[in-house]
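Participant: Okay, so the sequence shown: first residue is 1 according to my numbering, each after it adds one.
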Amino acid sequence: MEITALVRRDYGNWLPLVLSIFGVDVVCGLIVEAIHQYKAWKYSFSNKHVIITGGSSGLGLEMAKLIASEQGTVTLIARKEEQLKAAKECVEEYCREKGTMTPHVSTEVADVCNKGEMQNAVCNATNKNGAVDVIICNAGIAKTGYAFGQTVEDYEQAMQVNYMGTVNTLFCTVPSMIKRNKGEVYLVGSTCSMLSYTGYAAYAPSKYAIKGLADGLRLELKRNNIQVGCIYPPNMDTPCLKRENETKPEEGLYVESKFETLYSPSLIAKRVIRHIKRGDPHMYGDLDAWGVGLSNFGIGPANNFFLSVLFVIPGMIFTGAFRILLSFVYTRKRFMEEDQRKKWVEGENMNEKLWTCLLERVSCVLSV
């Protein structure tokens, strides 16, 4: 009884107000979510011309399958003609299996880093299939390694392909959307658009740049009725990842083996297409990206403002916990390496040093 009286005395004045605000926020969030679901149900790729760069394999190819199966007109752009032909046949076969009649798929050979080639490719695609309604900038490379184990040219190549290749593509497609006062622009970033760790010093900045570009374009093109979204796919089982892992530092591989899930491109493509239909500005491939994204909105919009408000604190806790766990993994690995090299650290001493260092890291994280 005394506890109940204390609660009523100290919290009785503002607790109902807090609960009311919480309830109103949840109701508003559910209403917004229902609106998004209605938009997704109403959305159709039919009669839309969609250009996908880097569409000959991986995520780009899987998205092309889904769009073409919904009667969308798809143009795939990549550098290698043989792979494009195989990709076109793959999309057409998928559509036949799904019962889609006469899928509209065409291909154009171009390097996104070459402005002239991209201009010609987009011009040819427009002549064949009409004005571009949707552009998905998916072309990119991922080369990993220790920061100074790579060359300056590796850093330049990452920015040239991942960022400037996207810029070249946008300059070839968006001006016509502005003239028509409609369109959709989707930039493929990465979970590394929001975080980075060992092995990604050259790659992550190019993907951070993609997020910044999307945030800037979203505000600027809103007045032209152009939807802009940024896609954050996780690690996927693709040839690109296999090449990436060949040069990835041991620490990076160790962290990903503990915290990352390897997804199929088809699953991530389905999630991305669902985000596109909902009109979400941020398109997360998995819960890890979503958790990190909760504390990375900046001044940009949230997919659902009301529900995001509820998850801001959990999001901060998630990212803080991730940083602590990351520090724990690196610290443990370093001590294990020292143990192997020097042979002087006993089991108990190593654990004592490990936990001491971990507590220091926790204090550092909590003080930020």
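Every residue, glycine too, gets a C-beta built ideally from N, C-alpha and C.
Computed from a predicted model, the values in this text were never measured in an experiment.
What number of angstroms, rounded off, separates the C-alpha of ASP286 from the C-alpha of THR102?
Facilitator: Each residue's Cα considered, the two are about 33 Å apart.
Participant: DSSP three-state label for GLU346, please.
Facilitator: At GLU346 the pLDDT is 46, less than 50, meaning the model places this residue with poor confidence; the figure from the coordinates comes in the next sentence. DSSP places GLU346 in coil when its eight states are reduced to three.
Participant: Is it right to say SER264 is buried, meaning 16 or more other beta carbons lie within 10 angstroms of its own, or is it exposed?
Facilitator: It counts as exposed.
Participant: To the nearest angstrom, how far is it from the Cα of GLY165 to the Cα of CYS113?
Facilitator: Rounded to the nearest angstrom, the two C-alpha atoms are 5 Å apart.
Participant: Just list the alpha helix (DSSP H) runs in the region 67-120, keeping only unbroken ones of 4 residues or longer that don't cross its boundaries, in chain order.
Facilitator: Complete alpha helix (DSSP H) runs here, min 4: 81-97.
Participant: Where do the ends of the beta strand (DSSP E) carrying ILE135 lie?
Facilitator: 134-137 is the extent of the beta strand (DSSP E) around ILE135.
Participant: Assuming THR151 and GLU244 make a contact with CB atoms under 8 Å, what is their CB distance in whole Å?
Facilitator: That pair is no contact at about 17 Å.
Participant: What does VAL185 pair with, by DSSP beta-bridge criteria?
Facilitator: Beta-bridge pairing links VAL185 to ILE135 and VAL228.
Participant: Nearest CA to the CA of ALA142: which residue from CYS240, LEU221 and CYS90?
Facilitator: When only C-alpha atoms are compared, the closest one is CYS240.
Participant: Is it true that the CB of THR191 sits closer than 8 Å to the CB of ALA289?
Facilitator: Yes, they are a contact pair.
Participant: Is LEU187 buried or exposed, if buried means 16 or more other CB atoms sit within 10 Å of its CB?
Facilitator: The residue in question, LEU187, is buried, as its Cβ has 16 or more Cβ neighbours within 10 Å.
Participant: With C-beta atoms as the reference, is THR53 less than 8 Å away from ALA139?
Facilitator: It is a contact, given that the beta carbons lie within the stated cut-off.
Participant: If we count the other Cβ atoms within 10 Å of its Cβ and call it buried at 16 or more, is GLY149 buried or exposed?
Facilitator: Exposed, by the Cβ-count rule.
Participant: Measure the Cβ-Cβ separation of ALA209 and TYR155 and say whether it is below 8 Å.
Facilitator: Going by C-beta atoms, ALA209 is not nearer than 8 Å to TYR155.
Participant: What does the Cβ neighbour count give for ILE231, buried or exposed, with the cut at 16 atoms within 10 Å?
Facilitator: When all chains shown are included, ILE231 counts as buried.
Participant: Would you be able to state if there are at least three C-beta pairs under 8 Å between the region 84-92 and the region 113-123?
Facilitator: Because the criterion of three Cβ pairs below 8 Å is not met, the region 113-123 and the region 84-92 do not touch.
Participant: Taking TYR155 as part of the alpha helix (DSSP H), name the residues at either end of that continuous run.
Facilitator: Run containing TYR155: 152-158, per the alpha helix (DSSP H) assignment.
Participant: Find out if the Cβ-Cβ distance for the pair ARG278, HIS36 is shorter than 8 Å.
Facilitator: Contact: yes.
Participant: Considering only DSSP beta bridges, list what HIS49 is partnered with.
Facilitator: According to DSSP, HIS49 bridges with THR73.
Participant: Distance, Cα to Cα, LYS84 vs GLU108?
Facilitator: The residue asked about is misnamed: residue 84 is Leu in this sequence, not Lys. Cα to Cα, the separation comes out at about 8 Å.
Participant: Which word fits LYS342, buried or exposed, when buried means at least 16 other C-beta atoms lie within 10 angstroms of its C-beta?
Facilitator: For LYS342, the predicted model reports a pLDDT of 48, less than 50, meaning its position is unreliable; a value from the coordinates is still stated below. Burial call: exposed.
Participant: What is the DSSP secondary structure of MET283, reduced to helix, strand or coil?
Facilitator: The answer is strand: DSSP assigns MET283 an E or B state.
Participant: Go ahead and label PHE45 buried or exposed: buried means 16 or more other beta carbons lie within 10 angstroms of its beta carbon, across all protein chains shown.
Facilitator: Buried, by the Cβ-count rule.
Participant: Report buried or exposed for PRO175, applying the criterion of at least 16 other Cβ atoms within 10 angstroms of its Cβ.
Facilitator: By the neighbour-count rule (16 or more Cβ atoms within 10 Å), PRO175 is not buried but exposed.
Participant: So what's MET164 in DSSP terms, helix, strand or just coil?
Facilitator: Helix at MET164.
Participant: Within the same chain, show all residues whose beta-carbon is closer than 7 Å to that of GLY58, passing over the 5 residues directly before and after it, in chain order.
Facilitator: Only MET236, THR238, CYS240 and PRO265 meet the Cβ criterion.
Participant: Buried or exposed: GLY183, going by 16 or more other Cβ atoms within 10 Å of its Cβ?
Facilitator: Its Cβ being crowded by 16 or more others within 10 Å, GLY183 is buried.
Participant: Look up TYR254 in the DSSP assignment and say whether it is helix, strand or coil.
Facilitator: Looking at TYR254 - three-state DSSP - the assignment turns out to be helix.
Participant: Using the three-state DSSP reduction, which class does GLY203 fall into: helix, strand or coil?
Facilitator: Checking the sequence shown, residue 203 turns out to be Tyr, not Gly. Note: TYR203 maps to helix in three-state DSSP.
Participant: Under the three-state reduction of DSSP, which class applies to MET236: helix, strand or coil?
Facilitator: Three-state DSSP puts MET236 in a strand.
Participant: Is it the case that the Cβ atoms of SER106 and ASN129 are separated by a distance below 8 Å?
Facilitator: Cβ atoms of SER106 and ASN129: closer than 8 Å.
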